[in-house]
Amino acid sequence: MVARLAVVVPVFNEPSIGRTLEGLYRQQHRDGVSVYVVDNGSTDGTRARIAAFLAGRDGFPLTVLEEPVKGTGAASDTGFRRAIADGFDLVARTDGDSVPRPDWTGRILAGFAGRPGTALLGGRSVPLDDAHRRAGDALVIPAAFLVLRTALAAGHLDRSYLRLVAGHNLATRAAAYERVGGFPRTSIAELDEDVEYALRVARALGRSAVRIDRGLVVATSMRRIRAYGPARAAVHQLLPGLRGRLGRDTDIR
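Under the numbering used here, think of the first position of the sequence shown as 5, with each following residue one higher.
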């Protein structure tokens, strides 16, 4: 029996959510795939954009949920648990400012098929071609992930950090999600929910349960990094004691 896949998209004030949804709508493999968009308190017309996207696309299996508790962790957890309650075996996540490549859902299904030991699947991130892209971003993203994984693994003396995956490009088995407790229901100022979830899986099920497929590609906007600032983003990741103390004028949830 082919596993059923749900895709969860946490959103907060997403001017380009239509582009994300179009990317999911145009997936080469859509049979048995449903989308759950979780609105985390948008105030800018994101819901209207979602409705406009759905107009004329009858039959596209998209459910809109609400999560009032601030945080991509809380919003993602709400979506994942709803999808699991609806009977999905696999649940993936991307973000409202990201666009998966057309083979994304098919590659996720293939990535779990015949691999019962794989509990969490991550991929490769590339910069989205939008107004926030700058020259060199194609090199910045992989370098940042390498530095982050290596620095955290060394700093914590824990090789589980080498298996980190990005929240905008991951998929997991429903059974694993429930077993390890899922995403922490936190805001970014408290904890990076994608980092924490990958650690939970690696520690509970073994590092080999987390697999990285570099052919699983999602283009993601640099808008939040540009708004937050690369230096503050680095401090936020590598010096967690300063989380919530770094001044910023943008809400990245």
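A virtual CB, placed ideally from N, CA and C, is assigned to each residue, including glycine.
query: Coil, strand or helix - L113 by DSSP; result: helix
query: Cβ neighbour criterion (16 or more within 10 Å) applied to W108; result: buried
query: Rounded straight-line distance, which links the Cα of G77 to that of T224; result: 18 Å
query: Assigned exposure category for D48 - 16 Cβ within 10 Å defines buried; result: exposed
query: Burial state of R215, where buried means 16 or more other Cβ atoms lie within 10 Å; result: buried
query: DSSP beta-bridge partners of D3; result: Outside the modelled stretch of the chain, which goes from 5 to 257, sits residue 3, for which no answer is possible.
query: Closest by C-alpha distance to F116, when choosing among F16, A180 and G186; result: A180
query: Beta carbon of R97 nearer than 8 Å to that of G171; result: yes
query: Residue range of the unbroken alpha helix (DSSP H) whose run includes M79; result: Checking the sequence shown, residue 79 turns out to be Ala, not Met. Looking at the DSSP string, the run of the alpha helix (DSSP H) that includes A79 is T76 to A89.
query: Per-residue DSSP class, three states only, for V130; result: strand
query: Cβ separation of V222 and G127, assumed to be a contact under 8 Å, to the nearest whole Å; result: 6 Å
query: T122 in three-state terms, based on DSSP; result: coil
query: Presumed contact (8 Å Cβ cut-off) between V95 and A87, rounded CB distance; result: 5 Å
query: For E200 and R207, the rounded distance between their alpha carbons; result: 10 Å
query: For T50, the first and last residue of its enclosing alpha helix (DSSP H); result: T50 to L58
query: Contacting residues, own chain, Cβ-Cβ under 6 Å from L66 (five flanking each side not counted); result: V39
query: C-beta atoms of V41 and V13 nearer than 8 Å; result: yes
query: C-alpha gap between R105 and A175, whole angstroms; result: 15 Å
query: CA-to-CA distance, E26 to L124, given in whole angstroms; result: 25 Å
query: The alpha helix (DSSP H) enclosing V6, as first and last residue numbers; result: No alpha helix (DSSP H) contains V6, which DSSP labels as neither H nor E.
query: Local Cβ density within 10 Å of A3, reported as buried at 16 or more and exposed below that; result: With the chain represented from 5 up to 257, any question about residue 3 goes unanswered, as that position is not in the structure.
query: Endpoints, beta strand (DSSP E) assigned at A96; result: L94 to R97
query: Start and end residues, beta strand (DSSP E) containing R177; result: L174 to R177
query: Closest by C-alpha distance to V122, when choosing among T50, V205, V6 and R23; result: The residue asked about is misnamed: residue 122 is Thr in this sequence, not Val. Checked all of T50, V205, V6 and R23; the closest Cα to T122 is V205.
query: Residues that DSSP places opposite I216 in a beta bridge; result: G126
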